[in-house]
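For reference, each letter of the sequence shown is one residue, going 527 to 904 in this note's numbering.
Glycine included, each C-beta is placed from N, C-alpha and C at the ideal position.
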Amino acid sequence: MTDETPEIRKGLVGVYADVSAVSKVMPETNSLTYGGYAVQDLCEEADFEQVAYLLWHGELPTAAQLAAFQAEERANRALSPALLRVIREFPANAHPMDAVRTAVSFMGMEDPEAADVSDAAQRRKAMRLLAKLPTAVAAANRLSKGLEPIAPDPSLPFSENFFHVVFGKVPAPEVIKSFDVSMILYAEHTFNASTFVARTVTSTGADIHGAIAAGIAALKGPLHGGANEAVMHMLKEIPGPNAADEWLRSRFDHKALVMGFGHRVYKTGDSRVPTMTKYAEKMAEVVGDRRWMETSRVLARVMLEAKNIHPNLDFPAGPAYYLMGFDIPLFTPIFVCSRITGWAAHVFEQGADNRLIRPLSHYVGPAQRSIVPINARG
Ligand code: COA
């Protein structure tokens with residue numbers, strides 16, 4: 527390193543890139559607030575629709591505001607016949623995150639306000655995305671299994687309708703509550719990779735569909751949203767709770783990452799884990815299958831003892847979704863259906879006080895040199 531080398535924060539670790547009023551992570555107390563409200567309180571006292579409103583407006587809704595928000599969401603759930611045709615043409619083995627990213631791009635092309643990046647138009651488009659994403663995710667999932675898509679039901683609240691479009695039926699209220707809690711916990715998390723990507727795209731003046739498609743591309747990665755699926759694959763690989771200790775220690779020999787553990791910001795525990803674990807345990811009770819949560823408990827204990835690394839939200843969310851009956855490849859698309867709220871809140875915030883996001887790189891390639899004519903290049 528020469529004296530001229532600027533300080534490089536690889537992975538932007540510890541860098542404050544902007545201010546934000548959407549949410550706050552407090553790693554010193556393992557806590558997270560949306561608009562000043564603790565997430566665990568929102569999970570107990572509100573529902574996902576109210577939280578979506580909070581993220582987009584900075585305040586929890588009044589009953590009248592919530593009714594108007596719900597009416598707009600319910601009225602926008604149907605996909606166009608053209609989009610349904612496109613989804614039918616997706617390869618049966620397409621990755622579900624590629625399917626949802628492509629569906630969002632298509633929604634952008636057919637949106638009547640596609641090119642309008644005014645705050646009012648961005649908000650209307652965000653609502654259409656929130657409403658249509660579950661329909662698209664469920665249609666792609668069902669078609670990949672040879673099943674026909676199910677039309678959304680505008681008489682159902684958001685979470686009930688999600689089960690309706692995936693399974694054609696609405697489960698018991700405890701299951702809906704556990705799902706709704708997961709949607710609240712996944713909704714927003716400051717400047718994570720996908721949110722920062724969405725803000726970067728917005729900073730160029732591009733439209734919200736582009737920003738959200740880019741966010742989905744980032745969320746697909748196993749170091750980010752893809753971890754909830756990886757957790758379930760891992761749990762299925764472990765023969766059972768009694769084998770979990772040895773299985774995990776054998777992973778340490780290979781220096782492999784254990785999915786669902788670790789976090790860039792939280793180093794002593796993820797604020798969302800206790801609440802999600804509580805509702806994953808409830809799911810285990812409802813279904814009458816305790817093996818995944820028992821295995822999880824052993825893994826969490828051994829990781830803490832041996833590595834001092836805590837689980838993140840994906841760790842309890844993976845088995846919770848599995849116990850709800852969702853196919854594993856649907857886990858990260860479900861995360862998309864929630865995180866659209868946080869991404870959009872950041873798109874609005876970035877647009878309201880925009881400056882192009884354009885950092886610097888410190889060049890370490892060859893020094894400037896002359897071009898040797900091609901015939902003379904040995
Ligand atoms: N399993 C095993 N070791 C882990 C680990 C995990 N899940 N997460 C972190 N570590 C180790 C790292 O190998 C590193 O060890 P070292 O100092 O010996 O090299 C140390 O802990 C610090 O981790 P680091 O990679 O610097 O943390 P980061 O902030 O760059 O990365 C994650 C954070 C989330 C990317 C990382 O913890 C990870 O890959 N987790 C698994 C994927 C996952 O669950 N992602 C969802 C995030 S919400």
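How far does the beta strand (DSSP E) with K550 in it reach, from first residue to last? S549 to M552
Hey, which unbroken runs of the alpha helix (DSSP H) at 4 residues or more fall wholly within the region 726-785? 734-745, 753-763 and 767-779
How about the region 711-723 and the region 867-874: do they share at least three Cβ pairs that are nearer than 8 Å? yes
Assign N895 to one of two classes, buried (16 or more other C-beta atoms within 10 Å of its C-beta) or exposed (fewer than that). First, the amino acid is wrong: residue 895 is Arg here, not Asn. Exposed, because fewer than 16 other Cβ atoms sit within 10 Å of the Cβ of R895.
In terms of DSSP beta bridges, what is F787 paired with? P837
Quick one: what's got a C-beta closer than 6 Å to G751's C-beta in the same chain, skipping five residues either side? L745, T858 and F861
Pairing CB atoms from the region 781-796 with CB atoms from the region 732-744, are three or more of them under 8 Å? no
Any heavy atom of the ligand COA closer than 7 Å to the CB of P553? P553 Cβ: outside cutoff for every heavy atom of the ligand COA.
Are the beta-carbon atoms belonging to G877 and Q648 less than 8 Å from one another? Cβ atoms of G877 and Q648: closer than 8 Å.
Specify the secondary structure class of L558 as computed by DSSP and reduced to three states. strand
Are M633 and L655 closer than 8 Å when you measure CB to CB? yes
With 16 other CB atoms within 10 Å as the buried threshold, where does G844 fall? buried
Do D706 and D573 have their C-beta atoms closer together than 8 Å? yes
So who's on the other strand from A564, going by DSSP bridges? T559
Can you name, in chain order, every residue of its own chain whose Cβ lies under 6 Å from the Cβ of L558, other than the five neighbours on each side? V551, V565 and S797
Integer Cβ distance of Y792 from W818, believed to fall under 8 Å: 23 Å between Cβ atoms; not a contact.
From V577 to L586, what distance separates their C-alpha atoms? 7 Å
Going by the CB atoms, is the gap between P660 and C863 shorter than 8 Å? yes
Scan the region 817-897 and note each continuous alpha helix (DSSP H) run of 4 residues or more that stays entirely inside, going in chain order. Fully enclosed alpha helix (DSSP H) runs of 4 or longer: 817-833, 840-850 and 857-878.
Closer than 7 Å to a non-hydrogen atom of the ligand COA - does that hold for the CB of P748? yes
So which of G694, L682, T628 and E831 has the shortest CA-CA distance to L673? G694
Which value, in whole angstroms, describes the spacing of the CA atoms of G562 and E598? 26 Å
With a threshold of 7 Å, establish whether the CB of I835 neighbours any heavy atom of the ligand COA. yes
According to DSSP, is K536 helix, strand or coil? helix
T588, DSSP secondary structure in three states: If DSSP states are grouped into helix, strand and coil, T588 belongs with coil.
On the three-state DSSP scale, how would you describe G672? coil
Nearest candidate by alpha-carbon position, reference G584, set H789, H690 and S546: Residue nearest to G584 within the set H789, H690 and S546 is S546 (criterion: CA-CA distance).
When burial is assigned at 16 or more other CB atoms within 10 Å of the CB, is I897 buried or exposed? exposed
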